[in-house]
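Quick note on the working numbering: the sequence shown kicks off at 158 and runs consecutively. Have a look at the structure below before the remarks.
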Amino acid sequence: MSGHTPASFDRIDALVVGAGFAGLYQLYRLRALGLSVKIFEAASGIGGTWHMNRYPGVRTDCEVVIYQYDLETVWKDWTWKDKYPLGEQIQAYFRYVDHKLDLKRDIYFNTRVTAQNGMSLHISGTFRLQVDSSLSKPLIPNIKDLSTFEGRCFHSSHWPQEGLDLTGKHVAVIDTGSSGIQVIENIASQVRHLTVFQRTPNLALPINQSRFDEKEQVKMKETDLYNHIFRRLPQTFAGFLYEFQPIPFTSATTEAQKLLWESQWKAGGFHFWLRNYPDIFSDETVNREAYAFWRSKVRARIRNPALHKQLAPIIPPHPFGIKQPDLEQGYFEVFGRENVSLVDLYWCYRWYGYTWLQRRLYREKWKNGVFTNIGMTTSDFPNLFFVYGPQAPSVLANSTSVIPRQSDWITDCLKFLQDNDYTRIETKRDAEEAWRDLVLEIASKRLWHKCESSWYTGSNLASTNTRPVEMLAFSGGLPLYLEKCAEAADNGCQGFELS
Ligand SMILES: Cc1cc2nc3c(=O)[nH]c(=O)nc-3n(C[C@H](O)[C@H](O)[C@H](O)COP(=O)(O)OP(=O)(O)OC[C@H]3O[C@@H](n4cnc5c(N)ncnc54)[C@H](O)[C@@H]3O)c2cc1C
Ligand SMILES: NC(=O)c1ccc[n+]([C@@H]2O[C@H](COP(=O)([O-])OP(=O)(O)OC[C@H]3O[C@@H](n4cnc5c(N)ncnc54)[C@H](OP(=O)(O)O)[C@@H]3O)[C@@H](O)[C@H]2O)c1
C-alpha cells in the first residue's frame, strides 16, 4: 500500500478495494453477513468516479431513478433535484448514503493497494474484493513533449477540487467523448476562445434534461413504484426501464419507423438507442437508416454548414450505437459560437500521428492558455473478485443495475465458502475460455467490431496495449448474464477451483 498506512487489524474477513458505488454496496452487504470488512481507497473521499470527476458539467447519462442504490433504507428519505443530476448532487447523495449506512468507520482513505503488495497482502482469512470499475484509471494520451507545453494542462478526472476559473482564457479541449462534450458545452460561453480537437465525431443524443419533481418522487414511493422499478431493471436487456422494439426495423412500416424515431427523439436520453429496433445493432443497412435520421436532426442544429461534414458526416465514423452514444445539452449549438473553433484530427492522426497535434498546439502559442486534456479512462490491476470491470464492463448494461447484482453474487459466494470451510476460490482455465468463447460468439452477431476506438473492445487502447482487440463485455443482455451467474452458483460454484 502507498499513502496512509492503516493500523494493524486483529482480524478482518474481507478487504474491499475502492469506495465507489460498488465498494460501498459491497461493504454494506458483507457487514450484513456478519463479516469484519474494511475498504482501502486510494482517493481522499467516497464516491469513486464521482469523487474524482469534478470537471464542469459532469453528470449522469442515465436517468437518476435507475442510477441509485435499490436499498429502501437509502431511497425512502432521499430526494433528487434533476432527472440527470450533476456531479455535486451525486456527491451529496454519497455523503447521505455514508450517513445512513455508517460506512466511513470502515474505510481507509489515501490508501492505494498496488499490484505487488496487493497480491502479497496478508490478513488472516481475508477475501480480497477488487471493486475498481472499468473506467477509473485516467488515460493520458501519448502526445510527444506534452510536458514542455507552457500552458496549464488538466485531465477531467483530476480537475482541481476547488474549481477552475476559465474566464477570458484560451482553452483547448482534446476529446469529444462523454466527458469532453460535457466540458465543451459548459465552458464555451465562459472562455475567450475554445479550440476543440476532435478525432471522432460524437454521435450524441439530446438529453432532454428536466427537474425531477419532488411530489412525483413522494408519490412513486407511496405507490411502491420504486420497488417495481428496481425489480424490473434486471429483466431488461440493458438494465434500463425500456426495452428494444419487439419487431425488427425491416418488419415495420415506413410510417411506423418514422413515428417511432420522432417520438424517441423527443423523449431524449437513450430512447433512440435502447428503445430502437434490435436490428440496428446487427444489420448495417438498417443502421445507416438510423444514422441518417440522427444526422438530419443534428445538422439542423449546426449553424455553420461548413461544419456539417465534420460533426455529422455523410458516412458515419462507425455504425450508430455500437459505441455508447453520449448525451448532450446544446453541444452542437456550441459550434455556432464566434469564440469556438473545431480542429478535425481524423485524417491528421492517420497521416502524421501525434506529432501533428503537438505542432499545432505550439503554433497556437497558448503560453498562458489552458489545455484540458480530458476524458479517457481505463482499468487498473487484477485481484480476486471484480465488480463491473476490470477491462470493460463485464456486461453491457447500466452499471448501477449490474453492480448490486454482482455484489450479491459475491456475498452469497463468500457465505457458501464460509459454510463449507473453503478459504480459496480460483476460476478454472477452461471455464474462463468457455466464457470468452461465449462473449465472442454473441458479439460476432452484432456490429461491435466496426468501431475503431471503443472501450467495449479495447480498441481505444490499441496503440498502447498488447492485448488483442476483441469484445470484452457480455453483449447478450442482462437477463441472460444473470442467468449464467445463477447457473454457476446453483451448481456449487461450477467453473471454480475451491480449496
Ligand atoms: C463522469 C462519469 C459519469 C458516469 N455516468 C454513468 C451513468 O450515468 N450510468 C452508468 O451506468 N455509468 C456511468 N458511469 C460509469 C461509472 O464508472 C459507474 O457508474 C460507477 O460509478 C462505477 O462505480 P465503481 O465503484 O465500480 O467504480 P469507481 O466509481 O471507479 O470506484 C473505484 C474506486 O476504487 C478506487 N481504487 C482503484 N484502484 C485502487 C487501488 N489500487 N487501491 C485503492 N483504491 C483503488 C478508486 O480510487 C475509486 O474510488 C460514469 C462514469 C463517469 C466517469
Ligand atoms: N454520465 C456521463 O455522461 C459520462 C461522463 C463521462 C464518462 N462517462 C462514462 O465513462 C466512459 C468513458 O468516458 P470518457 O469521456 O472517459 O472516455 P471516452 O468517451 O472514451 O472519450 C475519450 C475521448 O478522447 C479522445 N481521444 C483519445 N485519445 C486521443 C488522442 N490521442 N488524441 C485525440 N483525442 C483522443 C477519443 O477519441 P476517439 O473517439 O477517436 O477515440 C474520445 O473522443 C463513457 O463511455 C461513459 O460510460 C459517462
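All residues carry an ideal CB built from backbone N, CA and C; glycine is no exception.
Euclidean distance between Cα positions of residue i and residue j
i                 : j              : result
isoleucine 531    : valine 552     : Bear in mind that the predicted position of isoleucine 531 carries a pLDDT of just 49, short of 50, making it unreliable; the figure below should be weighed with that in mind. In a straight line, the C-alpha of isoleucine 531 is about 25 angstroms away from that of valine 552.
alanine 447       : tyrosine 434   : 9 angstroms
arginine 368      : glutamate 485  : 16 angstroms
aspartate 263     : isoleucine 247 : 21 angstroms
histidine 327     : alanine 463    : 23 angstroms
arginine 445      : arginine 356   : 21 angstroms
isoleucine 364    : tyrosine 399   : 16 angstroms
lysine 522        : isoleucine 344 : Here the model assigns lysine 522 a pLDDT of 49, short of 50, so the residue's position is not dependable, and the following value carries that caveat. Those two C-alpha atoms are separated by around 21 angstroms.
leucine 595       : lysine 602     : 12 angstroms
arginine 188      : isoleucine 341 : 42 angstroms
threonine 535     : leucine 296    : Unreliable placement is indicated for threonine 535, whose pLDDT of 39 sits below 50; no coordinate value is reported for it.
glutamine 467     : glycine 478    : 18 angstroms
valine 231        : leucine 597    : 38 angstroms
arginine 456      : leucine 499    : 15 angstroms
glutamate 198     : glutamine 575  : 26 angstroms
proline 391       : aspartate 255  : 25 angstroms
valine 174        : threonine 614  : 25 angstroms
threonine 352     : serine 420     : 34 angstroms
alanine 645       : threonine 584  : 11 angstroms
lysine 423        : alanine 449    : 17 angstroms
glutamine 414     : serine 632     : 25 angstroms
aspartate 289     : glycine 180    : Note that aspartate 289 scores 49 on pLDDT, short of 50, meaning its location in the model is unreliable and no value can be drawn from it.
phenylalanine 542 : arginine 581   : 12 angstroms
valine 626        : serine 611     : 10 angstroms
Residue i beta carbon near ligand 2 (any heavy atom closer than 6 angstroms)
i              : result
arginine 356   : yes
glutamine 246  : no
isoleucine 472 : no
proline 298    : yes
serine 610     : yes
Start and end residues, beta strand (DSSP E) containing residue i
i             : result
cysteine 310  : 309–311
threonine 584 : 582–584
lysine 118    : No information on residue 118 is available, as it lies outside the stretch 158 to 656 that the chain covers here.
serine 656    : Where serine 656 is concerned, there is no enclosing beta strand (DSSP E), given that its DSSP letter is neither H nor E.
Residue i: CB within 6 angstroms of a non-hydrogen atom of ligand 1
i                 : result
phenylalanine 178 : yes
phenylalanine 387 : no
serine 551        : no
valine 270        : yes
alanine 199       : yes
tyrosine 545      : yes
serine 556        : yes
glycine 214       : no
threonine 568     : no
Any non-hydrogen atom of ligand 4 within 6 angstroms of residue i CB
i              : result
isoleucine 338 : Looking at this structure, you won't find ligand 4 anywhere; what it does contain is ligand 1 and ligand 2.
Host alpha helix (DSSP H) of residue i (start-end)
i                 : result
threonine 352     : Note, threonine 352: premise wrong, no alpha helix (DSSP H); beta strand (DSSP E) at 350–355.
phenylalanine 387 : 382–389
serine 610        : Element bounds for serine 610: n/a, residue is neither H nor E.
alanine 643       : 635–647
leucine 187       : 178–189
7 angstroms Cβ cutoff, residue i in contact with chain B
i           : result
alanine 600 : Note that chain B does not occur in the displayed structure, where there is just one protein chain.
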